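In our numbering, the protein residues as written are 831 to 1314. Below: the structure, in structure tokens.
Below, the structure written as structure tokens:
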């Protein structure tokens, strides 16, 4: 039997210095080379690996632990166990090296992340590629002030809305604005919305019950401020006694629509709304129907939500609350309808066009059974959509998402345009103003596309949340001038 020391002569020829070199790991990344593991093919470089290599940092992959790496380089049959103290020292050195790399790489990774996020926002139209530098500066800011040029010439009686040009936009959920009503007027919107809840013979304004407070009422937020503003816009001076002017100084004949959304029972809320409008009514600020024709005034009140159509009709000689009719029931066949064999119908089963496509094969549409919701309450005796007319209704509105459907591929399809044109055509034939609510708000490029399409096809007002975008931005184009 061979002696242990003589078997194959392995230990006699083994270089103990090689083992000592392996056990030394003053820097673990330098103690192992890529070629130390001949049985493993070249590792695929990761993005982080390439980044650290570009920064001049040595980053190598390890197949196993420190002890296993050293054991792999020992000759076969030789047992070797690194001291625990040495393993702990190597592990600590490795952790410190990783922390240093993380400290160097973290700022770069953060910049890469936010850079990619910004590019994504640019692509979907959420922001601008370059800074939007405001080139407009206020000219002569001190003109008209005491001690400056033009002293005493700055103010005049109807200057409350000076420089405001009215535009056909509706301030959706206006009570959410920092300054309800006045924010909308500031941007030129000709229509504002207030959701009212009837509790204890008072009309509270808010989106839901959780948002109601005792001091935010229809009177405090809208009726009283409107009376005060209109009194200011119709002054009695040494030169004239102005009457009939609206809230816009640039266009005194433009009416302001106050859309009141009845959130509680319509039949019990309607009399209270009419009663609170008396402050505007007694000063002849409310548009009304006198039994023969419409008398236009500074404010036009329209009831939506649970507003009962039958109570609107009951006012036969002085009607100053008008109805928000159901636009989705007014679709009329276009002059040149899309043929049934047109290829556009091939994807009908894949695309969501909402409820209206099921109705588009009829020229006249009957109302569904009365229920709560816009354009439905109090319509039990309505025989046809032709019963909605300018004598009793002002808007014809519907949910864009429910009736037109989701906008696939970033633009309206031919069949969706067919729906929009047919509904707007039906509203205009009845003398009503078409309005779509629940339009897409994001991405911005999609919102702008829908806005542009609706106005181009004849919608009378845009239902908007972003007042500034509707009033100032050139939303008829895509977000970037180079991407029309």
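Note that CB positions come from ideal geometry on N, CA and C, so glycine has one too. Quick caveat, the model's predicted, so the values are computed rather than measured.
Cβ neighbours of residue i in the same chain (closer than 7 angstroms, five flanking residues each side left out)
i, result
"residue 1290", "998, 1263, 1264 and 1265"
"residue 782", "What is shown of the chain runs 831 to 1314, which leaves residue 782 out entirely."
"residue 1082", "1075 and 1076"
"residue 940", "none"
"residue 1084", "996, 1020, 1076 and 1078"
"residue 895", "With a pLDDT of only 48 at residue 895, under 50, the local geometry of the prediction cannot be trusted, and the value read off the model is given with reservation. Around residue 895: no qualifying Cβ."
"residue 991", "1015, 1077, 1078 and 1079"
"residue 1298", "1017"
"residue 972", "978"
"residue 987", "1065 and 1067"
"residue 1357", "With the chain represented from 831 up to 1314, any question about residue 1357 goes unanswered, as that position is not in the structure."
"residue 817", "This structure cannot speak to residue 817, because the chain is shown only from 831 to 1314."
Contact under 8 angstroms by Cβ, residue i with residue j
i, j, result
"residue 1096", "residue 1207", "yes"
"residue 1254", "residue 1203", "no"
"residue 989", "residue 1079", "yes"
"residue 1355", "residue 1151", "Residue 1355 falls outside the range modelled here, since the chain spans only 831 to 1314, and no answer is possible."
"residue 1284", "residue 1250", "yes"
"residue 1073", "residue 1064", "yes"
"residue 1129", "residue 1033", "no"
"residue 1098", "residue 1028", "yes"
"residue 1035", "residue 1051", "yes"
"residue 1132", "residue 1086", "no"
"residue 1106", "residue 1048", "yes"
"residue 1094", "residue 1120", "no"
"residue 1163", "residue 1252", "yes"
Nonlocal neighbours in the same chain, by C-beta distance under 6 angstroms from residue i, ignoring five residues either side
i, result
"residue 1004", "1010, 1014, 1022 and 1023"
"residue 1231", "1268"
"residue 868", "Unreliable placement is indicated for residue 868, whose pLDDT of 49 sits below 50; the coordinate value is still reported in the next sentence. Contacts found: none."
"residue 1137", "1092 and 1096"
"residue 1113", "none"
"residue 1296", "none"
"residue 980", "973 and 974"
"residue 983", "974"
"residue 1242", "1283"
"residue 1139", "1153, 1208 and 1209"
"residue 925", "none"
Integer-rounded CB distance, given that residue j should sit under 8 angstroms from residue i
i, j, result
"residue 1154", "residue 1134", "4 angstroms"
"residue 814", "residue 1257", "Residue 814 falls outside the range modelled here, since the chain spans only 831 to 1314, and no answer is possible."
"residue 1323", "residue 1031", "Lying outside 831 to 1314, the shown extent of the chain, residue 1323 is not represented and no answer is given."
"residue 1259", "residue 1219", "Rounded, the Cβ-Cβ distance is 11 angstroms, inconsistent with contact."
"residue 1301", "residue 1017", "4 angstroms"
"residue 1222", "residue 1149", "7 angstroms"
Cutoff 8 angstroms; reference residue i; Cβ partners in own chain excluding five residues on either side
i, result
"residue 985", "974"
"residue 1247", "1283 and 1287"
"residue 1315", "Residue coverage of the chain in this structure runs from 831 to 1314, which leaves residue 1315 outside it and unanswerable."
"residue 1124", "1117, 1118, 1220 and 1221"
"residue 880", "none"
Check: residue i C-beta below 7 angstroms from any heavy atom of the ligand GTP
i, result
"residue 1129", "The ligand GTP is not part of this structure, which contains no ligands at all."
For the stretch 1029 to 1081, list the beta strand (DSSP E) runs that are entirely contained and at least 3 residues long, ordered along the chain. 1032 to 1035
Taking only runs that begin and end inside the stretch 1001 to 1032, name each unbroken beta strand (DSSP E) of 3 or more residues, in chain order. 1019 to 1029
Which runs of the beta strand (DSSP E) fall wholly inside the stretch 908 to 947 and span at least 3 residues, in chain order? none
4-residue-minimum alpha helix (DSSP H) runs that sit fully inside the stretch 1109 to 1168, ordered along the chain: 1139 to 1144
Runs of alpha helix (DSSP H) wholly within the stretch 1216 to 1278 (minimum 4 residues, chain order): 1230 to 1233 and 1244 to 1259
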